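Numbering (our numbering), first residue to last: 426 to 654.
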């Protein structure tokens, strides 16, 4: 029996991911780690009421207690950890707050995956992630990848590098809104590496990589996600 552990499950990619995991026969149960229970979210797909899904509220403070709860839920099943955490400096309020979410929380999740002996860890990162970048956002993503790689060494590890994300996000992100407006017209002019990609395609790539149906390298590039049928 396989268990999927998902953090960032109520975000743009995470929501699609949970929905796809529900319909993926390889996983018997899905543990969605959330800051607040998604009872008030629109759920036309019925995902959050599916018997395969259990929501576990977490304050992002006591990771040791979270590990105990995850172990208790999973029992002896094999584990795949999925990380869809991500914000913007604007939404976080400061570079320090952004780093806490996109670096510290992700590294803590990777450490928990190692302690729980997860077989796979799949992380949404970003195009341009580079620990030596002069751009703060890209540098944090790159540093996160470097630390996670050192932390999680016993299982399969994949980082997903989407460009601007398309999809129905509750919050406003200027760059993504522009991508929604202009992508249908100008996307063919943009190299696939940089072309906007729908969040559902990112989620699909994560599920396929977790089940071995996508023969993915450590870094799953934007073009690979775009080409999935």
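Ideal Cβ positions, reconstructed from N, Cα and C, are used throughout, including at glycine. Keep in mind that this is a model prediction, so the values were computed, not measured.
Beta-carbon spacing of residue i, residue j below 7 Å
i           : j           : result
residue 580 : residue 634 : no
residue 430 : residue 506 : yes
residue 439 : residue 509 : yes
residue 481 : residue 590 : no
residue 535 : residue 584 : no
Simplified DSSP state of residue i, which is helix, strand or coil
i           : result
residue 560 : coil
residue 530 : helix
residue 606 : Because the pLDDT of residue 606 is 49, which lies under 50, any placement of that residue in the model is unreliable, and the question is left without a value.
residue 523 : helix
residue 653 : coil
residue 498 : helix
residue 482 : strand
residue 382 : Since the displayed the chain opens at 426 and closes at 654, residue 382 lies outside it and no answer follows.
residue 552 : coil
residue 441 : helix
Nonlocal neighbours in the same chain, by C-beta distance under 8 Å from residue i, ignoring five residues either side
i           : result
residue 496 : 541
residue 619 : 552, 588 and 647
residue 680 : No information on residue 680 is available, as it lies outside the stretch 426 to 654 that the chain covers here.
residue 606 : For residue 606, the pLDDT reaches just 49, beneath the cut-off of 50, and the residue's location in the model is therefore unreliable, although a value from the coordinates is still provided. So no residue of the chain qualifies.
Own chain residues within Cβ distance below 6 Å of residue i, not counting five before or after
i           : result
residue 473 : 463
residue 711 : Nothing about residue 711 can be read from this structure; the chain reaches only from 426 to 654.
Other residues of its chain near residue i: CB distance less than 7 Å, five sequence neighbours each side excluded
i           : result
residue 427 : 451, 452, 453, 502, 503 and 505
residue 654 : none
residue 488 : 533 and 537
Rounded distance between the beta-carbons of residue j and residue i, thought under 8 Å
i           : j           : result
residue 546 : residue 491 : Contact doesn't hold; Cβ gap of about 15 Å is too wide.
residue 636 : residue 449 : 7 Å
residue 570 : residue 554 : 6 Å
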